[in-house]
Amino acid sequence: MSQTFLLEPDIIAATENVMPDLNNDLVLAKNFLKQQSAATGDSLYDHLVDVVQKILSQSPPDVVDNFEQYSWEVKQEKFRPNFDLLNDIYLSPPQLASVTQVDEMFRLVASKATKLDDGGEEEQELDLEEDHYKPKIQDLVDHNYYFRQAGYGLPASECYAIYISMIMLGIKEPVSTIRFFGKIFGIKANYYVMETDLTLEELDRRIRAFEMKDMPGEGEAIDEARVHAIEEQAEILGEGEAKEPVSKEPVPPKIPPEPVSTWQAPAPIPVERPGQGVNRKVYWVCNRPGEPWICLPDIRPEHVRVARLSVRCMTGDLESEVITFPPFEGTEKEYLRAQIGRIAAATSISPQGFFTFGSGEEEEDLDMEEGGGDMEFNPNPFYQGHTLKDLMDSNLTYWVHHGRHILKQGRTLWWNPNAGMDEGLEEEDMDGPPPIEPEVGPSLFTSLSEDARIEGLTAWSARVSSTLCPDRAMVVLRSNLWPGAVAYATTGKKSECLYVGWGLKYQPPNFSPLQLPVPQVEYPIGPEIMEMADPTFADEEAFRIAHLPPPPPPPMMGEGEGYGEEIEEED
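For what it's worth, the UniProt record's numbering labels the leading residue of the sequence shown as 1, then goes sequentially.
Shown next as structure tokens:
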């Protein structure tokens with residue numbers, strides 16, 4: 001009993017020293033976790049805090065399965081330098097803008113297609129009341145299939161995006177037909193070109209705006225009148241100065257009269273109105289499928305004239321400056337429109353009979369000055385195609401041009417510069433300007449056999465797409481004058497043209513810019529302006545002696561005085 005009584009206090013005291021203390025244990029555990037590594041200087045405590053913070057901020061599913069991955073990512077983030085301030089800044093990739101535009105285009109076309117599919121008779125009647133109709137769009141996917149068989153055409157993904165972009169153009173713009181003209185390469189960006197016909201309402205609006213604005217010659221006439229008024233005012237001021245008293249200062253040497261320029265600006269050639277001649281078609285361009293389509297301006301004759309005398313690659317910026325000689329009055333969008341017009345006039349070809357004149361109008365029934373050479377033509381519904389032998393004829397007699405020829409004036413329809421003068425002349429006055437021979441180009445549907453040869457080569461090269469399957473083969477023509485222009489035709493009813501190139505014409509000799517004109521003679525040649533050698537000292541002395549005044553005459557003397565002087569001199 002006594003031993004038991006003595007042992008109980010010791011047991012109680014030992015038990016009190018062994019009892020756990022939570023606060024003390026937490027401090028000890030925290031200090032243990034905060035021990036820094038000798039290699040990196042990090043501690044397990046800080047690492048666990050970062051891992052937990054990352055997990056709570058992202059809230060991912062299945063944290064237990066990916067805990068090791070999160071721990072590894074936290075360790076990787078610590079390798080970044082502390083002075084890097086761009087870690088938390090999001091920079092969108094450059095492709096995001098184009099992807100967004102393409103997505104908007106797809107959504108727009110999908111929404112319109114859904115409305116057409118879901119709409120009943122009421123919606124169709126509403127569209128007819130609002131004059132909204134679906135434009136005629138070229139089947140680019142089908143034509144690209146044939147171009148790809150011949151080794152040309154576009155990639156399938158690019159072709160589909162362009163086709164959807166054509167549908168977007170028909171939704172947003174007032175056009176009645178849409179055709180893919182081609183692709184023109186640029187230094188910074190490329191151009192996708194669409195050839196369209198405007199609706200009747202939009203065409204009438206543009207014609208009215210064209211007729212209301214000032215014509216090209218009127219502005220120049222106003223400038224000439226202003227210059228004439230300034231000259232008259234200068235003459236009046238000159239007369240007033242002549243009436244002032246003349247000063248007594250020495251008269252300056254006589255100076256030859258100031259030269260007068262004899263150069264006269266050529267008469268401005270009027271622009272063809274919208275829907276006529278070179279401006280019959282309207283062209284739209286963009287740099288990428290999905291971007292908004294931009295309408296190119298109408299062609300002016302001076303733009304075509306300068307474009308024929310210069311060679312320039314496109315940049316991809318429609319507002320870039322065009323630096324050429326002769327100077328080009330406009331930006332790249334005017335230059336691009338002029339090049340497209342030239343390419344379309346020279347490379348728009350089709351098999352014979354593929355197109356026909358519409359409305360039953362005959363060529364002889366049209367006036368040459370108002371409508372000749374600008375007749376309307378449409379696809380021939382009775383066209384049955386040609387055989388491969390005919391399409392592959394070496395003379396290309398079964399292929400014709402359906403593009404309107406551009407004259408040297410820069411127009412399709414010839415304009416008479418003396419038209420106004422001939423009307424003002426009376427019948428008795430026959431001293432007017434001589435009549436000008438009108439320029440006539442090749443008519444529509446002229447055979448390719450009449451094209452000029454290039455350095456001994458034909459203007460077009462023809463070949464068959466396949467010699468193994470003649471039933472499925474087709475003929476492809478490639479232009480040697482405009483590299484990049486191709487056309488195909490099957491034995492059936494399919495034919496189309498396409499241009500993919502730099503927009504440059506082939507020139508056999510090396511290109512040389514136009515030389516500067518010879519300057520006019522400023523002053524007439526004479527002693528007043530001719531350069532002379534400086535006189536020498538002997539010449540100056542001879543000139544001085546020659547211009548000395550004559551000596552005075554000797555005085556009159558008597559007989560005696562003269563005799564006496566002579567005697568004194570002898571002595």
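Note that beta-carbon positions come from the ideal geometry of N, C-alpha and C, so glycine has one too.
At a Cβ-Cβ threshold of 9 Å, glutamate 439 and leucine 407 count as neighbours. Counting the other CB atoms within 10 Å of its CB gives proline 513 a total below 16, which places it among the exposed residues. Just measuring C-alpha positions, the residue of Trp502, Leu96, Tyr152 sitting nearest glutamate 496 is Tyr152.
Residue environment for tyrosine 145: exposed (fewer than 16 other C-beta atoms within 10 angstroms of its C-beta). Looking at the DSSP output, serine 461 bridges to Arg478.
DSSP lists Val475, Ser495 as the bridge partner or partners of alanine 489.
Annotated three-state conformation of isoleucine 343 is helix, per DSSP. Within the DSSP bridge table, the entry for proline 379 names Phe355 as partners.
In the three-state reduction of the DSSP assignment, phenylalanine 185 falls in the coil class. Cβ neighbours of glutamine 339 within its own chain (closer than 7 Å, five residues either side excluded): Ala307, Gly503. Within the DSSP secondary-structure output, glycine 170 pairs in no beta bridge. With a beta-carbon spacing of about 14 Å, leucine 296 and valine 304 fall beyond the 8 Å limit used to define contacts. For the pair of segments examined, the stretch 388-404 was found to touch the stretch 443-451: the number of CB pairs separated by less than 8 Å reaches three.
Under DSSP, aspartate 197 shares a beta bridge with Thr177. A distance below 6 Å between beta-carbons, with the five flanking residues on each side excluded, links alanine 344 to the following residues of its chain, in chain order: Gly403. Taking the Cα positions, serine 71 is about 17 Å away from glycine 41. Rounded to whole angstroms, the separation of the alpha carbons of lysine 183 and alanine 485 is 10 Å.
Beyond the five residues adjoining it in sequence on each side, valine 311 comes within less than 7 Å, by CB distance, of Leu504, Phe511 in the same chain, given in chain order. Remark: C-beta atoms of tyrosine 283 and threonine 412 do not approach each other more closely than 9 Å.
DSSP places tyrosine 191 within a strand segment (E or B) once states are collapsed to three. Counting only runs of 3+ residues, the beta strand (DSSP E) found wholly inside the stretch 254-337 occupies 282-286, in chain order. Here histidine 401 is bridged, per DSSP, to Ile349. Rounded to whole angstroms, valine 49 and serine 92 show a C-alpha spacing of 31 Å. The C-beta distance from proline 268 to phenylalanine 210 rounds to 15 Å, too long to fall under 8 Å, and the pair is not in contact. A straight-line Cα-Cα distance of about 15 Å links tyrosine 45 and alanine 38. The beta-bridge partner set that DSSP reports for serine 447 consists of Val400. Per DSSP, reduced to three states, the secondary structure at valine 521 is coil, with no helix or strand assignment. DSSP, read as helix, strand or coil, puts isoleucine 545 in helix.
Taking each of Trp293, Lys75, Ile164, Thr347 in turn and checking the Cα distance to valine 109, the smallest one comes out for Ile164. Membership of isoleucine 529 in any alpha helix (DSSP H) is not indicated, and neither H nor E is assigned to it by DSSP. Nearest to asparagine 380 by alpha-carbon distance, out of His386, Phe355, Asp393, Asp390, is Phe355. Between the beta-carbon of isoleucine 137 and that of isoleucine 162 there is about 11 Å, and that puts the pair past the 8 Å contact cut. In the three-state reduction of the DSSP assignment, lysine 112 falls in the helix class, which pools H, G and I. Going by DSSP, tyrosine 45 is part of the alpha helix (DSSP H) stretching over 44-58. Note that the C-beta distance between lysine 188 and glycine 330 is not below 9 Å.
For valine 27, the uninterrupted alpha helix (DSSP H) segment begins and ends at 22-33.
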